[in-house]
Amino acid sequence: MAAENPFVYGEVVPAGAFVGRDAELDRLTADLASGQKVFLISPRRYGKSSLIRQACAALARRKVATLEFTVSSFSSYVAFLEGYARAVVALDRQAREVPGWLSAFFHAARPEIRVSPGRGLTLGFPAIRTPRDAARLAEEVFALPGELARRIERPVAIALDEFQAIAGFPGTSVEEALRAAVQRQRDVGYVFAGSEPSLMEQMIGPKRPFYKAGPVMRLQKIPPALFARFLEQRFRATGMTPADGLGAAIVDLAGNLPYDVQRLAHETWDDALALRRRKVGLEDLHATLHRLLTEQDPLFEAIWQRQTLAQRSVLRAVVLEHGAGLLSAETRDRHRLGGASSVQAALAALQRDDLITREQNRYVVVDSLMREWVARRTY
22 MAAENPFVYG EVVPAGAFVG RDAELDRLTA DLASGQKVFL ISPRRYGKSS LIRQACAALA
82 RRKVATLEFT VSSFSSYVAF LEGYARAVVA LDRQAREVPG WLSAFFHAAR PEIRVSPGRG
142 LTLGFPAIRT PRDAARLAEE VFALPGELAR RIERPVAIAL DEFQAIAGFP GTSVEEALRA
202 AVQRQRDVGY VFAGSEPSLM EQMIGPKRPF YKAGPVMRLQ KIPPALFARF LEQRFRATGM
262 TPADGLGAAI VDLAGNLPYD VQRLAHETWD DALALRRRKV GLEDLHATLH RLLTEQDPLF
322 EAIWQRQTLA QRSVLRAVVL EHGAGLLSAE TRDRHRLGGA SSVQAALAAL QRDDLITREQ
382 NRYVVVDSLM REWVARRTY
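Residue numbering for the sequence shown follows the working numbering, beginning at 22 and increasing consecutively.
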C-alpha cells in the first residue's frame with residue numbers, strides 16, 4: 022500500500038490532485054496567452070488558486086513569463102506597490118542590468134535598488150510620503166509589466182489574486198490607474214481573481230473603471246459525479262478499495278466544495294492507513310467525520326458563543342432548511358426566528374462574519390464541518 026496521501030488540501034493542489042476544471046483551464050490559459058484581461062470570480066474553497074497555478078504552469082511551458090501575486094497580503098498601498106514592482110522586476114533574469122534600466126524607468130520617485138547574491142533584488146521607494154506621491158508612483162508601477170515584456174522579449178501573464186482587496190486602498194484612482202495601464206499592454210495577459218463575489222461583481226459594474234475591460238469567468242462547483250469518481254480512483258491508486266458510494270458520500274458531506282472534499286478524503290485516507298484498511302467504507306468516513314468534529318469542537322463552540330441568540334437560530338435554520346425559504350412565515354414559525362427583518366439582519370451578520378454565503382437562491386455554511394457541527398451539536 023502506498024504511504025503517500027493522494028489528497029491535498031490547505032494549499033494549491035498539484036497537477037495530480039487537480040480535477041474537474043479542464044474547460045476552465047483551457048479557456049483561462051488561451052485568454053492569458055493572447056493578452057486578455059480576465060476576471061475570475063469564485064467563492065472561497067472552489068479551487069480558484071489551484072486553477073490559476075495550473076494555468077501559469079501551462080503558460081510557462083509555452084515560454085510565457087508568469088507571475089502570481091496576492092493583493093491582500095499587504096497592509097498599505099505603498100507596500101503593495103513596492104511588492105508588486107519587486108515581483109514584476111524579478112521576472113527579468115538579467116539581474117546585473119536591472120538597476121540601470123529600472124532607475125531610468127521611474128520618474129515619479131527615485132527607487133532604492135540593491136541586488137545581492139543572498140537576498141536577490143531589494144526595491145523600495147522611501148521618498149513616497151503623500152497620497153499624491155503614491156498616485157504618481159502607481160502609474161509607473163502599473164506600467165512596469167509592459168516594459169518588462171518588451172525587455173525580456175517574451176509575453177507575460179500576471180495573476181492578481183484576491184483582487185477585490187485593491188478597492189480597500191485609499192483614494193479613488195487606484196482602479197482607474199490600473200485599468201489605464203493594462204489596456205495598453207498588448208503583450209501582457211492578466212487574471213484579476215477574487216474570492217468575494219459580491220465585491221468583484223461591483224468592481225466590473227457599469228460605474229467602475231473595469232466595466233467591460235475583459236472576459237469574466239465565474240467558477241461553478243465541480244460536477245459531483247465527476248468528483249466522486251476522481252476520489253474513488255485516487256483511493257484505488259494507493260491500494261485501498263472504496264466501498265460503493267464512498268466518493269459520492271464524501272462529496273455530499275463536504276458540500277461539494279473542493280477544499281472541503283479534499284480535506285475529508287485526505288483525513289479518511291489517513292485514518293484508513295493507520296488502521297491498515299484494504300477496503301474503506303462509509304463507516305470509516307463517518308468515524309473520520311466524528312474525529313474531526315471532536316477536534317474542532319472548541320473552535321466551533323467559541324464561534325457559536327460569539328453569535329447573538331438570533332444569529333444562532335438563523336444559522337441552525339440555514340443548516341436544517343438547506344439555506345432555502347428562510348424568510349417564509351412557515352420557516353420562521355418552525356424555527357422561532359421572529360420577523361422577516363430580524364432574519365435578514367441575522368443573515369447579513371453571519372455573512373459579514375464569513376460563516377455563511379449566498380449560492381444562487383439559497384444560503385450555505387462556508388465550512389462544511391461547521392455545518393455538521395451545528396446540525397449535530399446544537400439545539
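Beta carbons: idealized from backbone N, C-alpha and C, even for Gly.
As the structure is a computational prediction, the values presented were derived from the model and not from experiment.
* Asked: Excluding the five sequence neighbours on either side, which residues of its own chain have a C-beta within less than 6 Å of the C-beta of Gly268, listed in chain order?
  -> The beta carbon of Gly268 lies closer than 6 Å to those of Ala249, Leu252, Glu253 in the same chain, with the five residues before and after it left out.
* To do: Look up Leu88 in the DSSP assignment and give the residues it is bridged to.
  => Per DSSP, the beta-bridge partners of Leu88 are Ile179.
* **Euclidean distance between Cα positions of Leu303 and Ile271** => So the two alpha carbons sit approximately 9 Å from each other.
* To do: May I ask you to verify whether the stretch 323–335 touches the stretch 366–377, counting CB pairs closer than 8 Å and requiring at least 3?
  => Yes, since at least three Cβ pairs between the stretch 323–335 and the stretch 366–377 fall closer than 8 Å, the two stretches touch.
* Asked: Counting Cβ pairs, one atom from each stretch, are 3 or more of them under 8 Å apart for the stretch 54–63 and the stretch 22–31?
  -> No: fewer than three Cβ pairs fall under 8 Å.
* To do: Quick one: using the 10 Å Cβ neighbour count with 16 as the cut-off for buried, is Asn382 buried or exposed?
  => Classification of Asn382: exposed, given that the 10 Å Cβ count is below 16.
* Asked: By Cβ distance, which residues of its chain are closer than 6 Å to Met22, with the 5 residues on each side in sequence left out?
  -> Only weak support exists for where Met22 lies, its pLDDT of 48 falling under 50; the value from the coordinates is given anyway. Non-local C-beta neighbours of Met22 in its own chain, meaning closer than 6 Å and more than five positions away in sequence, comprise Gly260, ordered along the chain.
* To do: Figure out for me which residue from Ala111, Ile62, Val282, Ala51 has the closest Cα to the Cα of Leu165.
  => Closest by alpha carbon: Ala111.
* Which residues in the same chain as Phe127 place their Cβ atom closer than 7 Å to its Cβ, once the five residues preceding and following it in sequence are excluded? -> In its chain, beyond the 5 residues on either side, Glu161 have a beta carbon closer than 7 Å to the beta carbon of Phe127.
* **For Asp43, the nearest candidate out of Arg297, Ile243, Val395 (CA to CA)** => Taking the Cα of Asp43 as reference, the smallest distance to any Cα among Arg297, Ile243, Val395 is reached at Ile243.
* Asked: If you run the structure through DSSP and keep just helix, strand and coil, what is Met22?
  -> Only weak support exists for where Met22 lies, its pLDDT of 48 falling under 50; the coordinates are left without a value.
* Asp154 and Pro176 closer than 7 Å at C-beta -> At a Cβ-Cβ threshold of 7 Å, Asp154 and Pro176 do not count as neighbours.
* Cross-strand partners of Val209 (DSSP beta bridge) -> Residue pairing by DSSP places Val209 opposite Val177 in a beta bridge.
* Asked: Using a Cβ-Cβ cut-off of 8 Å (strictly less than) and excluding sequence neighbours within five positions of Ala198, which residues of its own chain qualify?
  -> Apart from sequence neighbours up to five positions away, the residues of its chain that approach Ala198 with a beta-carbon distance below 8 Å are Ala156, Ala159, Glu160, Phe163, ordered along the chain.
* Relative to the C-alpha of Asp52, which residue among Leu247, Val212, Ser349 is closest? -> Out of Leu247, Val212, Ser349, Val212 has the C-alpha closest to the C-alpha of Asp52.
* Backbone CA spacing between Pro10 and Leu61 [nearest angstrom] -> In this structure the chain extends from 22 to 400, so residue 10 is not present and cannot be described.
* Where do the ends of the alpha helix (DSSP H) carrying Asp321 lie? -> Before going further, note that residue 321 is Phe rather than Asp in the sequence given. Here the alpha helix (DSSP H) through Phe321 covers 303–327.
* Between Asp318 and Arg312, what straight-line distance do the alpha-carbon atoms span, to the nearest angstrom? -> Their Cα atoms are separated by approximately 10 Å.
* Asked: For Gly189, which of helix, strand or coil comes out of DSSP?
  -> If DSSP states are grouped into helix, strand and coil, Gly189 belongs with the helices.
* Whole alpha helix (DSSP H) elements within the stretch 343–380, 4-residue minimum -> As far as the stretch 343–380 is concerned, its whole alpha helix (DSSP H) runs of at least 4 residues are 350–355, 361–373.
* Asked: From Gln283, Thr87, Ala36, pick the residue whose C-alpha is nearest to that of Arg181; which is it?
  -> Residue identity differs from the one stated: residue 181 is Leu in this sequence, not Arg. The shortest Cα separation from Leu181 among Gln283, Thr87, Ala36 belongs to Thr87.
* Ala38, buried or exposed, once every other Cβ within 10 Å from all chains shown has been counted against 16 -> Taking every protein chain shown into account, the CB of Ala38 has 16 or more other CB atoms within 10 angstroms, so this residue is buried.
* the stretch 119–134 contacting the stretch 142–154, beta-carbon criterion three pairs below 8 Å -> With a cut-off of 8 Å on Cβ pairs, the stretch 119–134 is in contact with the stretch 142–154, counting three or more such pairs.
* Mapping DSSP to helix, strand and coil, what is Ser137? -> Strand, per DSSP.
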